[in-house]
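Have a look at the structure below, then the notes.
This is the structure we're talking about:
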């Protein structure tokens with residue numbers, strides 16, 4: 024049974040009966056009622072809906088259930104009409120269009136409840152694992168079309184499976200909201216992203232707006248509309264705009280920060296009055312790419328490590344408690360924090376052979392630290408971390424902290440002043456903030472100020488489908504963001520150098536982190 | 024060579040080059056410039072234009088020629104992009120969608136000049152000669168689709184011929200404006216008009232707005248937009264709205280009237296402050312349908328008749344000076360005026376046998392007047408008018424005058440007060456106002472107040488393509504019209520009875536018309 028309310032894109036409408044004294048046409052009669060319901064100046068309907076309208080209104084006694092949406096110009100859209108008191112499935116689809124993974128969530132539009140969710144690999148990975156290789160693939164003959172077909176077909180396939188599982192038809196999807204980074208969004212729309220990676224880094228479009236699903240080739244209801252979240256630039260995508268919506272930064276009195284870490288770290292700082300954003304290369308350390316054995320989270324991957332500072336024993340946790348076969352970002356950060364706390368590395372992150380004892384070895388001119396001996400690992404080989412891996416982590420954590428320092432400084436704040444620290448995505452879900460603080464990656468805030476958001480890109484896309492009031496906030500958020508270009512920031516390199524120590528050259532910033540020499 | 028100006032839908036644009044300090048996306052950069060040029064809050068572009076945009080802008084050095092349009096909600100539309108200083112044909116198509124005839128005119132969008140024009144029969148005539156039979160045809164299986172295909176294919180065929188003649192491709196047509204009566208407009212859009220002819224006479228739509236040409240099946244440029252003129256109701260169509268635009272009634276200080284006479288007489292009275300409209304059955308007399316020999320204008324058709332009041336000789340003029348084969352509306356009105364002036368009919372329109380002499384005869388119980396003897400006619404038969412024909416004409420002219428009297432009275436005016444009298448269409452082009460005044464069909468105004476507009480529906484549609492400033496006036500005109508329902512007007516029948524005399528029971532209204540008895 025469809026519940027409808029003012030807080031939903033699904034609205035019941037009851038029209039006054041036409042008469043000689045009120046002979047407004049059917050479409051204009053309906054539009055007038057819908058404009059009032061939606062608070063827009065106009066409500067557009069497609070020609071094929073218009074063709075059905077006169078008979079439907081008469082069969083339904085001038086009552087109906089309307090599925091509505093908007094375009095970013097503030098025009099109302101009627102995407103579907105159902106009988107009054109219908110029991111028909113009227114659903115929306117939220118899409119987090121990630122470079123690596125694509126997450127789908129089906130929402131019941133009337134109630135706002137979740138009908139189902141799934142995550143799959145982005146099938147474009149077959150042509151390139153990351154944004155850059157995919158943009159390069161576009162240069163090949165047919166490359167753009169190939170990448171476009173892969174993601175469209177991929178979403179259609181994944182959606183069909185998900186719909187089958189939920190017992191609904193893909194035709195029951197009337198609204199779609201897609202949040203992704205700027206490059207993935209371009210590939211979804213079939214737009215050439217080649218100028219995004221060439222100075223001065225110009226996307227084809229910042230505010231793609233709302234499309235018909237059929238224009239994009241998505242096999243949902245033919246009249247369905249697809250909202251593509253706007254980007255702020257080539258390096259600040261709609262996924263982040265969705266994240267801001269999801270954590271309500273644009274409505275908070277307090278100043279909050281939202282951090283999304285992948286190959287790039289994307290950061291937004293702000294409150295309901297202003298928002299400042301930047302993005303920078305934080306290094307691949309935090310995606311698990313830092314070490315040869317580094318990997319993304321999965322069964323057998325080390326996600327937690329604790330080191331006893333006295334016995335120097337490593338207490339290792341693997342996902343699903345499988346034999347260890349690699350280490351992910353959160354494991355690497357725990358490891359570095361533990362090594363530092365137990366004085367097995369110095370403040371530059373260099374392995375100290377005496378303290379590391381048997382775990383230390385020199386191979387091919389490079390210091391190694393054994394984490395899991397060969398006889399205990401799933402691969403039959405020892406799991407090691409090298410000095411180069413640790414150096415890379417130090418650069419990554421320094422970059423991360425420097426980005427946070429630069430953006431807070433740009434508004435006259437200190438990193439320690441942050442009232443709320445939202446961490447998006449996998450990084451936020453797995454990482455131990457105490458470890459990240461211990462190595463000086465994130466500011467030394469009370470732990471309760473840290474909040475892991477999960478998939479905030481998917482969450483933000485879903486919110487637009489659950490609550491029409493969120494729609495207008497999207498472009499307001501996008502237009503309200505001041506983007507800070509780090510490439511042209513002169514202080515950045517000085518700050519970066521100062522942050523390349525554990526936890527920092529200025530230890531007073533990390534009062535909770537006791538240096539091993541204090542012990 | 025394309026001339027572009029602020030008064031045209033074709034605009035040259037020069038964008039600021041992107042830089043690190045101004046890294047707005049290509050589409051948003053272009054939109055920003057076009058919004059300024061068009062004065063709209065947004066400018067939408069289709070996905071396939073967006074796909075071409077980045078390469079085009081770079082090839083053209085961030086300059087371009089834009090073809091723009093609007094939708095009635097006030098959103099700008101970019102329909103085509105051409106290189107700067109292009110010599111490409113950028114054209115618009117104006118369509119007068121008449122029940123009987125369809126007129127096309129191709130306009131050069133940049134200069135506003137006329138490239139070509141043609142008129143053809145409405146191919147729907149094959150399924151029904153008039154609005155009513157076509158609406159009844161819709162009830163047959165496949166009827167609506169058949170009527171829709173006929174008019175769409177008919178326009179496409181006629182356009183191809185016209186384009187070939189003008190040396191342009193149909194793909195050079197980027198904007199289309201269609202003005203037609205409400206029923207023809209519905210059939211063009213594939214909308215069922217069945218409820219228009221059933222109380223309370225509700226069309227499917229009053230303000231159809233702007234469509235993509237491909238949605239309608241028109242074979243012009245695939246991104247072209249089609250504006251369908253709005254109607255005020257089932258009996259007051261977009262052709263009249265176009266006519267008001269064409270004669271600028273909505274901008275005049277003086278109060279003017281616009282009369283379009285076919286099977287129905289449609290009348291608008293007003294000035295820049297207000298407009299009042301009504302429509303009523305004026306009888307088929309004025310379309311030439313009044314007599315068995317009546318016909319529409321064409322070679323050999325009598326369009327002018329003068330009668331010498333002394334000799335009672337008929338001076339007949341035929342179109343193209345061909346032997347007479349019928350008589351059209353203007354000829355019938357001239358005839359009636361001549362008969363009245365020469366006292367061959369009385370003030371009730373009854374033939375006076377003594378005065379008609381040899382021309383008078385009685386056949387099958389009906390008085391006849393011979394206009395052309397058998398040996399002088401093209402058909403080999405005498406061309407006659409019967410008493411029934413004259414009675415029908417009297418009813419028609421009485422209806423016409425009563426409509427004019429009712430609408431002027433509704434705003435406290437007399438028909439004689441009209442400052443400007445616009446007559447639209449064939450009726451206006453052929454009729455002799457002096458004859459129409461003589462029989463009391465139209466008010467006894469100085470002849471210089473009468474203006475024949477020609478095809479004002481086509482003219483109004485063309486104006487929207489020639490001058491963007493006209494676009495916003497369309498819905499303002501439509502919304503500014505107060506429609507007077509004659510069916511519910513109690514005074515109408517009394518006035519009608521008084522008007523069924525020549526020129527009127529109240530002769531003081533027609534001081535210029537001397538009664539034959541005054542001679």
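Protein chains in written order, with the working numbering: chain G, 24 to 542; chain P, 24 to 542.
Ideal Cβ placement from N, Cα and C applies to all residues, glycine included.
Just so you know, the alpha carbons of residue 158 (chain P) and residue 216 (chain P) end up roughly 6 Å apart. Taking every protein chain shown into account, the CB of residue 68 (chain G) has 16 or more other CB atoms within 10 angstroms, so this residue is buried.
The count of Cβ pairs closer than 8 Å, one atom from the stretch 500-517 of chain P and one from the stretch 388-402 of chain P, stays below three, leaving the stretches out of contact. The C-alpha of residue 91 (chain G) is placed about 10 Å away from the C-alpha of residue 248 (chain G). At the C-beta level, residue 45 (chain G) and residue 228 (chain P) stay beyond 8 Å of one another. The C-beta distance from residue 350 (chain P) to residue 406 (chain P) rounds to 7 Å, short enough to meet the 8 Å contact threshold. For residue 334 (chain P), the closest of P:186, P:34, P:366 by C-alpha to C-alpha distance is P:366.
No Cβ of chain P is located within less than 8 Å of the beta carbon of residue 142 (chain G). Collapsing the DSSP output to three states places residue 94 (chain G) in coil. Contact with chain P is found for residue 42 (chain G), since one of that chain's Cβ atoms lies less than 8 Å from the residue's Cβ. By the Cβ neighbour-count rule, residue 231 (chain P) is buried, with 16 or more other Cβ atoms within 10 Å of its own. Boundaries of the alpha helix (DSSP H) harbouring residue 458 (chain G): 456-461, taken from the DSSP string.
Taking C-beta separations shorter than 6 Å and ignoring five residues to either side along the sequence, the partners of residue 400 (chain P) in its chain run 347, 406, following chain order.
Annotation: the continuous beta strand (DSSP E) that includes residue 130 (chain P) extends over 124-131.
Residue 437 (chain G) sits away from residue 468 (chain G), with the two beta carbons spaced by 8 Å or more.
Taking the Cα positions, residue 138 (chain P) is about 29 Å away from residue 206 (chain P). Excluding its 5 nearest sequence neighbours in each direction, residue 258 (chain G) has C-beta neighbours in its own chain below 6 Å: 302, listed in chain order.
For residue 471 (chain G), the closest C-alpha among the options G:481, G:446, G:462, G:486 is that of G:446. The beta-carbon distance between residue 225 (chain G) and residue 41 (chain P), rounded to whole angstroms, is 5 Å. This is short enough to meet the 8 Å contact definition.
Taking the CA atoms as reference points, residue 47 (chain P) sits about 15 Å from residue 57 (chain P). Boundaries of the beta strand (DSSP E) harbouring residue 506 (chain P): 504-506, taken from the DSSP string. Contact between the stretch 94-107 of chain G and the stretch 267-275 of chain P is absent: fewer than 3 CB-CB pairs across the two stretches fall below 8 Å.
Sequence-distant partners of residue 113 (chain G) (beyond 5 residues in either direction) whose C-beta falls short of 8 Å from its own C-beta, in its chain, are 25, 33, 88, 90, 103, 105, 131, 132, 133, 195, 197. Close to residue 62 (chain G), with beta-carbon spacing below 7 Å, lies no residue of chain P; the smallest spacing is near 14 Å. DSSP places residue 473 (chain P) in the strand class (E or B) of the three-state scheme. Boundaries of the alpha helix (DSSP H) harbouring residue 52 (chain G): 49-61, taken from the DSSP string. By the neighbour-count criterion, in which 16 or more other beta carbons inside 10 Å mark a residue as buried, residue 458 (chain P) falls on the buried side.
Note on the stretch 171-227 of chain P: whole alpha helix (DSSP H) runs with a minimum of 4 residues are 205-212, in chain order. Of the residues assessed, residue 84 (chain G) falls on the exposed side of the cut-off, its CB having fewer than 16 other CB atoms within 10 angstroms. For residue 368 (chain P), there are no C-beta contacts with chain G under 8 Å, since the nearest C-beta of that chain is about 38 Å from it. Under the Cβ criterion of 8 Å, residue 132 (chain G) is not counted among the residues facing chain P.
For residue 227 (chain P), the C-beta contacts it makes with chain G under 9 Å involve 48, 49, 50, 73, 74, 76, 77, in order along the chain. Assignment of residue 429 (chain G) by DSSP, reduced to helix, strand and coil, places it in the helix class. Using a Cβ-Cβ cut-off of 8 Å, residue 83 (chain G) does not count as an interface residue toward chain P, since no Cβ of chain P sits closer than that to its own.
By the Cβ neighbour-count rule, residue 274 (chain G) is exposed, with fewer than 16 other Cβ atoms within 10 Å of its own.
DSSP places residue 357 (chain P) outside any beta strand (DSSP E); the residue lies instead in the alpha helix (DSSP H), whose first and last residues are 352-364.
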